[in-house]
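This report concerns only the one structure given below.
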Amino acid sequence: GGVQTIGASGTVYDVAYIQIFQGDLLRGYTGGYGSTTPRPGRRVLATPMHEPAAILVNPPAGNSPEWLALGLDGSMAAFVPAGRAVTWQLLGPAGEEVVRERYWLTFQPGEIRVCASCHGLNINDQAGQPVPQNPPQALLTLLQHWQQFSGDVEKVYLPTVTND
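Written out as structure tokens, the structure reads:
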């Protein structure tokens, strides 16, 4: 029920959700070779997002609290933990992994990133289409869901979404 952009021939995969992971720091591995002494340092483990505040204010979707439904226009919007490395993967309608992000990003408190931050177009997309002009549907869904929690937050500055 959404949109598709096909730039070249090949397999087309349906995506319906985005699953967000946060980087949790764990103590080093045990020494190995019969040793029970942990090695120094920590390692990052991709863990499904479990930050209570983010889980609370994101619209529920799918089978897990860290899943978010993509907008019918292909957009996504989510509250994520600030100051913590996050990554994500796109999931198909049944929850199967389709595309895994290769990068970790850290967002600052109040930071807002839009599609063009990562997927900016110079002139046309891979199918030769111009830059989209529609407001992101997922942002509207997120803000409508978030309104019910506005009494729990003192002040938040959000951008205005227009059709300009």
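In the working numbering, each residue carries its 1-based index in the sequence shown increased by 139.
Quick reminder that beta carbons are idealized off the backbone N, C-alpha and C, glycines included.
Quantities reported herein were computed from a predicted structural model and do not represent experimental measurements.
For the set Thr280, Leu164, Ile194, Asp153, the Cα lying nearest the Cα of Gly180 is the one of Leu164.
Counting other Cβ atoms within 10 Å of its Cβ, Ala193 reaches 16 or more and is therefore classed as buried. Ranked by Cα distance from Gln286, the options Pro275, Val151, Asn197, Gly201 are led by Asn197. A Cβ-Cβ contact shorter than 8 Å links Ala277 with Ala216.
For Val225, the uninterrupted beta strand (DSSP E) run begins and ends at 224-230, by DSSP.
For the set Asp264, Ile251, Arg223, Val219, the Cα lying nearest the Cα of Leu184 is the one of Arg223. Looking at the backbone, the Cα of Asn263 and that of Val270 are separated by about 6 Å. Here the alpha carbons of Gly267 and Gly146 stand approximately 8 Å from one another.
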